[in-house]
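Sequential numbering of the sequence shown, starting at 210, is according to our numbering. Where is the CB? At the ideal position from N, CA and C, for every residue including glycine. Treat the numbers as computed from the prediction; the structure is a model and nothing was measured. For reference, the structure is listed below as structure tokens.
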Amino acid sequence: MAKDDIVQISKFNPTASLFLANPLASPIKYQLMALSFLIASVQLLLRLGCLGQYGFHQDELLYLALSDHLAWGYREVPPFIAVIGKISKILFGESIAAARIIPSLCAFFIVYLTGLLTIKLGGRFFAVAIACCAVAFSPAFLAAGALFIPQVFDELCWLATAYLLVVYFETRSVRILYYLGIVIGIGILIKYTYLLYIVGLFIGIAFESSQRNLFTKKQFYIGLFIALVILSPHIWWQIRNQFPALHHYSELKKTQLTYLSRSEFFIQQLLVNATGLFVWLTAIYMLFKKKYSNYRFLGTAALLVMLVMVILNGKSYYTFGCFPALFALGAVGLERYFHKFTLTVKGLLLALITVPGLLSAIIVLPYLPIEKASEVFTWTYKNLGIDYPLKWEDQKIHHVNQNYADMIGWEELAQKTSKIFLALPEQTRQNTVVIAEKYGEAGAIDHYQKDYALPPIISLCSSYALWAPEKLTANHVIYISSLPPPSFTNAKKAGVIANPFSRVAGLKIYLIKNVNASTRTWYHLLWKTERQTAAHSFLAILRKTKDDK
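Written out as structure tokens, the structure is:
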């Protein structure tokens, strides 16, 4: 590498030239990478210890169902999670543990890549240890990697984007911009909120005179074109299907986001990473120092995403992808500040950041029996005043963590539905369907059809509405709902979910024989309502928001 290149790199990262000039650079670098790998492996082992506990989360059941209906889009998410679900089924099977292998590996790479980013930012052993431990043992990241949900893939994509930009500004290699385009395309196919992070990063870069020439590079626009090519089938799918994503947002706003508190959002941002809070707050502080201005785009993006989420009443976990890059930067700052302190002081600081998160693993991950976990959460709430683990999306305090409640009761539902179904005469069974009110119930019946005798499933909730028939042709229905619709005059309660720790505790299973005309009309009208254009739904909610003001 030419001397001028070394000088240019050093302007972005004052410590980068150490790797280039010091003959020990490569061994040190590999040792730092090994440390990152080790900490990531510890987190992976923690998660593998409880991989198949409890049961499927209701969201997992939905995403696995999407993998059986591969398409370029769905109501609630872009198509990436469905593709991963299909790959997971092919490679590992369809058990609970199998579904969580890829997310666990993804969480491993989040920790490892955080270490690599810390190295790129000039961090050494202390910084790498702090950054990797802050991510690995954060309650937020422990929980995210434990389930087959888009969140963990989303977080990895945010981190990969930050890493590529740091590498680009360090090396000025335009080839990185092509990789960036690929990551941007994939990132939007994972979750739409990733787009906010991209915008935040680009705004931060635009404010730095030494970096804004990124936007003059033709390779940057080629990268964006690559992203557009990756996205184009999904965009076309949204257009052809009248933007189901907007319809989903309107439903989400009505049923969940309306309950969220802005003050609670801020509190949760401070609590979710335990004492890792001190690391990312250090990063925010560093961004106001001129000598760290080259990394300011990382903080600008994080703060912008948080601001938008406050305005939109977003869920707290929508911002989690920002934190690994902040952990890396904050860890470098802490290492430089504590450079002259003794190993004892450094060890105490590392313990302060690591131990609380490690202890939280016992309750963040499903190690304890559900009854014991409920007792621990309740004790924490009553004695320490920490209500976050027991606060559900309705902002009410319950006796069990929402994630855990979402993992209980689904197989019980399938078993009881199967028992009702098998009690019917053979001829009746051939003309029977299950109608489920919510996607969790539909996903449970769908998934457990390979294990129990169950009729076909119909639901008009979430993406199941895209697959539902326009007309109800079956003569007999097993209906799963909290209450029967008024048109089901001949509905008889045949079962109920009894587990008190389940989200669906008290859910009823009804048997409706000889479906009448009013029931068929009710179904058809509901089908039409659910299949209405997303644009109409979105405009309606915008009008309502305007009226509320």
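Whole angstroms are fine: how far does the CA of residue j sit from the CA of residue i?
i	j	result
Arg505	Leu326	15 Å
Ser668	Gly390	37 Å
Tyr688	Leu437	43 Å
Tyr406	Arg729	46 Å
Asn450	Phe474	33 Å
Ile305	Leu368	27 Å
Leu675	Ala355	29 Å
Arg740	Phe452	11 Å
Tyr387	Ser470	40 Å
Asn592	Ala243	41 Å
Leu270	Gly282	17 Å
Phe550	Glu544	10 Å
Leu260	Tyr458	31 Å
Ala336	Ala540	5 Å
Leu599	Gln477	13 Å
Pro232	Gly331	Note that Pro232 scores 37 on pLDDT, short of 50, meaning its location in the model is unreliable; the coordinates nonetheless yield the value given after this. Roughly 16 Å separates the two Cα atoms.
Thr587	Ala614	14 Å
Ala653	Trp619	6 Å
Val514	Val376	22 Å
Gly394	Leu440	6 Å
Cys315	Thr553	33 Å
Leu763	Lys605	One cannot answer for residue 763 here, as it falls past the ends of the chain, which runs 210 to 758.
Gln447	Cys531	27 Å
Tyr272	Val642	22 Å
Val286	Gln252	27 Å
Val517	Leu404	12 Å
Leu557	Ala714	45 Å
Ser250	Tyr590	32 Å
Asn723	Ala274	29 Å
For residue i, list the residues DSSP reports as bridge partners.
i	result
Ser297	None; Ser297 has no bridge partner.
His685	Thr641
Ile666	Val643
Ser671	Beta-bridge pairing links Ser671 to no other residue.
Ser690	Lys717
Mind checking residue i: buried by the 16 CB within 10 Å criterion, or exposed?
i	result
Asn612	buried
Asp603	exposed
Gln420	buried
Thr738	exposed
Ile412	exposed
Ser313	buried
Glu379	buried
Phe289	buried
Glu580	exposed
Ser671	buried
Asn503	buried
His608	exposed
Gly594	exposed
His443	buried
Gly632	One detail in the question is off: residue 632 reads as Ala in this sequence, not Gly. Under this definition Ala632 is an exposed residue.
His679	Reading off the sequence shown, one finds Glu at residue 679, where the question assumed His. Under this definition Glu679 is an exposed residue.
Gly302	exposed
Ile414	buried
Leu300	exposed
Asn482	buried
Ile397	buried
Ile520	exposed
Leu568	exposed
Ala230	With a pLDDT of only 35 at Ala230, under the threshold of 50, the placement of this residue in the model should not be trusted; the figure read from the coordinates follows. Exposed, since its Cβ has fewer than 16 Cβ neighbours within 10 Å.
Thr509	buried
Taking contact to mean 3 or more Cβ pairs, one atom from each stretch, closer than 8 Å, check whether the stretch 490-500 and the stretch 528-548 are in contact.
yes
When the Cβ atoms of the stretch 675-687 are set against those of the stretch 631-643, are three or more pairs found closer than 8 Å?
yes
What are the start and end residues of each continuous alpha helix (DSSP H) run of 4 or more residues lying completely inside the stretch 441-527, in chain order?
453-464, 471-480, 486-495 and 505-520
Spell out a yes or no on whether the stretch 285-301 and the stretch 316-331 are touching, meaning 3 or more CB-CB pairs, one atom from each, closer than 8 Å.
no
List in chain order: all unbroken alpha helix (DSSP H) runs of 4+ residues lying wholly within the stretch 269-346.
289-301, 305-308, 310-329 and 334-345
Using 8 Å as the Cβ pair cut-off and three pairs as the minimum, do the stretch 344-357 and the stretch 567-580 touch?
yes
Entirely within the stretch 569-655 and at least 3 residues each: give me those beta strand (DSSP E) ranges in chain order.
641-645
May I have a chain-ordered list of the beta strand (DSSP E) segments no shorter than 3 residues that lie completely inside the stretch 696-739?
701-705 and 717-721
For the 8 Å Cβ check, are there 3 or more pairs between the stretch 557-564 and the stretch 355-365?
no
Which runs of the alpha helix (DSSP H) at least 4 residues long sit entirely within the stretch 353-438? Give them in chain order.
359-380, 384-399 and 403-415
Inspect the CB distances between the stretch 619-632 and the stretch 654-669 and report whether three or more fall short of 8 Å.
yes
Below 8 Å, how does it come out for the stretch 414-433 and the stretch 707-716: are there three or more Cβ pairs, yes or no?
no
I want to know whether the stretch 642-656 touches the stretch 237-257 - three or more CB-CB distances under 8 Å.
no
If you scan the stretch 540-574 from start to end, which runs of the beta strand (DSSP E) of 3 or more residues do you find wholly inside it?
none
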